[in-house]
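Numbering (our numbering), first residue to last: 222 to 448. Quick reminder that beta carbons are idealized off the backbone N, C-alpha and C, glycines included. Being a predicted model, the structure only gives us computed values, none of them experimental.
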Amino acid sequence: MLHVIEKLLDVEELRQIRRQLDAAPWRDGGATAGAMARGVKQNLQLDDSTEPAVSLAAQIMRRLGGHPLFISAALPRRIYPPKFNRYTGGGTYGAHVDSAVLQVPGTGTTMRSDLSATLFLCAADEYDGGELQIESPLGMQSFKLGAGDLLLYPSGALHRVTPVTRGARIASFFWVESLVADAAARSLLFELDQTIQKLTQAVPEHQAELLSLSGTYHNLLRRWAKP
Ligand code: NI
């Protein structure tokens with residue numbers, strides 16, 4: 222299931238992040254790709270272990286942790302610290318799937334990638350091309366979201382970034398290991414949770430029924446979550 226989470230970052234926050242990224246030392250992103258991906262990856266990345274990448278990643282992590290729609294959709298167990306990339310001058314990332322198991326930097330532990338995330342840090346009209354194309358059971362879907370918007374998609378889906386032919390495409394990207402590995406189960410929980418939220422607004426007087434539905438949600442989560 223694909224999720225668009227709009228306005229994870231507000232305008233002022235974006236402005237401040239962009240100011241730091243525009244002045245940051247970008248380097249060849251091919252160096253950090255796996256053996257299969259290296260041949261198809263032409264972009265620039267920030268060194269994750271230096272500023273401003275470290276503090277910007279922490280800032281995005283805080284936003285994610287406080288965002289109910291992200292929590293509901295991803296049910297995160299672990300989030301890979303957000304990384305940053307920049308595509309310009311024909312930069313592109315050909316078709317690939319993301320690695321299934323990732324080494325979490327600085328922790329000596331590994332995590333499974335269930336969901337991949339792209340947080341768009343510039344407006345769609347700042348560049349041409351640079352579309353994130355994702356294979357889905359319904360065919361190829363193409364995304365170019367607004368500044369501050371987040372796209373969540375299955376890490377196992379074949380995806381690519383088309384060449385940027387004008388301007389620069391700046392984004393943050395990361396992976397999520399979910400408490401619920403099974404995508405179909407996670408999707409059912411998301412639908413149930415969103416419906417309960419809407420009913421709570423629409424018919425707050427039906428407290429007993431809402432309590433019952435909420436209990437069902439938590440008992441399904443208890444059944445399916447693998448902490
Ligand atoms: Ni990828």
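In the three-state scheme derived from DSSP, where H, G and I count as helix and E and B as strand, residue 249 is classed as strand.
Sorted by chain position, residues whose beta-carbon lies closer than 7 Å to a non-hydrogen atom of the ligand NI are 314, 317, 319, 337 and 380. Relative to residue 309, the option among 301, 247, 280 and 337 whose CA is nearest is 247.
Counting along the chain, the unbroken alpha helix (DSSP H) around residue 419 starts and ends at 404 to 423. For residue 277, the closest alpha carbon among the candidates 299, 439, 373 and 306 is that of 306. When secondary structure is reduced to three states using DSSP, residue 222 falls in the coil class, being assigned neither helix nor strand. Put simply, the region 264 to 276 does not touch the region 365 to 372. Fewer than three CB pairs are less than 8 Å apart.
The region 236 to 319 is shown to contain whole beta strand (DSSP E) runs of 3 or more residues at 297 to 300, 304 to 309 and 313 to 317, in chain order.
Per DSSP, reduced to three states, the secondary structure at residue 349 is strand.
Residue 327 is not a Cβ neighbour of residue 261, given a cutoff of 8 Å. Of the candidates 318, 232, 337 and 294, 337 places its Cα closest to the Cα of residue 302. In its chain, beyond the 5 residues on either side, 355 have a beta carbon closer than 6 Å to the beta carbon of residue 380. Around the CB of residue 423, fewer than 16 other CB atoms lie within 10 Å, so the residue is classed as exposed. In the three-state scheme derived from DSSP, where H, G and I count as helix and E and B as strand, residue 337 is classed as strand.
A direct Cα-to-Cα measurement between residue 418 and residue 426 gives close to 14 Å. Per DSSP, the continuous alpha helix (DSSP H) segment holding residue 439 begins and ends at 428 to 445.
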